[in-house]
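Notes follow the structure.
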Amino acid sequence: MDQVVKLYSRKPRPVIVNGETIPEDAIAAATPDFADSPKPRDAAARALAVQVLLRQRAVVAGIEAEDEAAAIERLLAAEIPRETVSQEEVRRYYEGNPDRFSSGDLFQVRHILFDTRAGDEGAKERARQAADLLLRLKDHPEGFEAAARQVSACTSAEVGGQLGQLSAGSVVPEFWSALVAFGRAGLLPNPVETRFGLHLIQVDHCVRGRVLPFEIVADRIREHLADRRDTLAQREYVAGLIASAQISGVDFGDTSPAPPGPGLPLE
0 MDQVVKLYSR KPRPVIVNGE TIPEDAIAAA TPDFADSPKP RDAAARALAV
50 QVLLRQRAVV AGIEAEDEAA AIERLLAAEI PRETVSQEEV RRYYEGNPDR
100 FSSGDLFQVR HILFDTRAGD EGAKERARQA ADLLLRLKDH PEGFEAAARQ
150 VSACTSAEVG GQLGQLSAGS VVPEFWSALV AFGRAGLLPN PVETRFGLHL
200 IQVDHCVRGR VLPFEIVADR IREHLADRRD TLAQREYVAG LIASAQISGV
250 DFGDTSPAPP GPGLPLE
């Protein structure tokens, strides 16, 4: 039993980078910053090992600064020069990702809900009532608000079925898809079925989204592409330092850099 306890209480191996040992209390202090990692202590050890590698490299390169972070920043700036992103690259990204540069659709909407979820005879009757009411509203759309107050199963009945201004993600997908397909002000010609039942929908006002002009977003695209390129270059640079270093007590595994994702936060 004592042997089992000793096995699982064994201290981790010291982390040594090119002969420099990282204090265990430094790793312990950094570990909470990596709480989301499967192995927080190992992640903290790797991060500190990279920090030591970069500091050692800065010393070799003769870079002086007021603190370690500043020295590392100067090192990266000196040894990983930023490449210029061409106008062609910016244009290509813009044309290849139109959805990322679109302002969203907006709809001012009222609805009348008929609860048909049970699927019984009562639900079938309510579906018939929805169809009959829709026919009447097509002839007299001005009566939509009053009808919503009288028969809608939604709490919005109290305000004449008003749901306010809707954008993508604010309602269930099938409801939103019907709005986008209709794409204008007016009464939708057919009931829309969702998990909540059948909806009669009236669009009071509609503002369709549009693709933002290239000139408006070009600078942000250029900065994004440059940052993405910098990230990949830094990963490659650190991978090279790791490959040529003498490191023990921590496993870096595959140090080949993963390609950066395509995202651009322009929302």
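The sequence shown runs 0 to 266 under numbering that gives the first Met the number 0. Here a beta-carbon is modelled for each residue, glycine too, at the ideal position from N, C-alpha and C. The structure displayed is predicted, hence computed values, not measured ones.
- Item | Residues near VAL308 by beta carbon distance below 6 Å, same chain, minus five either side | What the structure shows of the chain is the stretch from 0 to 266, and residue 308 is not part of that stretch, so it cannot be assessed.
- Message: Quick check on the burial criterion: 16 or more other C-beta atoms within 10 angstroms. Buried or exposed for PRO127?
- Response: A small correction: the amino acid at residue 127 is Arg; Pro does not occupy that position in the sequence shown. So ARG127 counts as exposed.
- Query: Under the three-state reduction of DSSP, which class applies to GLY196: helix, strand or coil?
  - Reply: strand
- Item | Coarse secondary structure for GLN86, derived from DSSP in three states | Correct three-state label for GLN86: helix.
- Message: Is the beta carbon of GLN164 closer than 8 Å to that of GLN107?
- Response: yes
- Message: Since LEU47 and ALA29 should fall inside the 8 Å C-beta cutoff, what is the C-beta to C-beta distance between them, to a whole number of angstroms?
- Response: At roughly 6 Å, the Cβ-Cβ gap stays under 8 Å, so LEU47 and ALA29 are in contact.
- Task: Spell out whether any CB of chain B is found under 8 Å from the CB atom of SER101.
- Result: Given the protein chain composition of this structure (a single chain), no chain B is represented.
- Task: Tell me whether the beta-carbon of ALA43 lies closer than 8 Å to the beta-carbon of PHE33.
- Result: A contact, by the Cβ cut-off of 8 Å.
- Cα separation between HIS139 and ALA156? 19 Å
- Message: Can you check which of these residues, LEU136, SER101 and ALA117, is closest to SER166 by C-alpha distance?
- Response: SER101
- Message: Considering just the uninterrupted stretch of the alpha helix (DSSP H) at ARG148, what are its terminal residues?
- Response: 143 to 150
- Message: Does GLY252 pass the burial test, meaning 16 or more other C-beta atoms within 10 Å, or should it be called exposed?
- Response: exposed
- Query: Based on the DSSP output, what are the partners of PRO111 in its beta bridges?
  - Reply: Note that residue 111 corresponds to Ile in the displayed sequence, not to Pro. The bridge partners DSSP lists for ILE111 are LEU199.
- Looking at the unbroken beta strand (DSSP E) that takes in VAL14, where does it start and where does it end? From DSSP, the beta strand (DSSP E) with VAL14 extends over 14 to 16.
- Assign ALA177 to one of two classes, buried (16 or more other C-beta atoms within 10 Å of its C-beta) or exposed (fewer than that). buried
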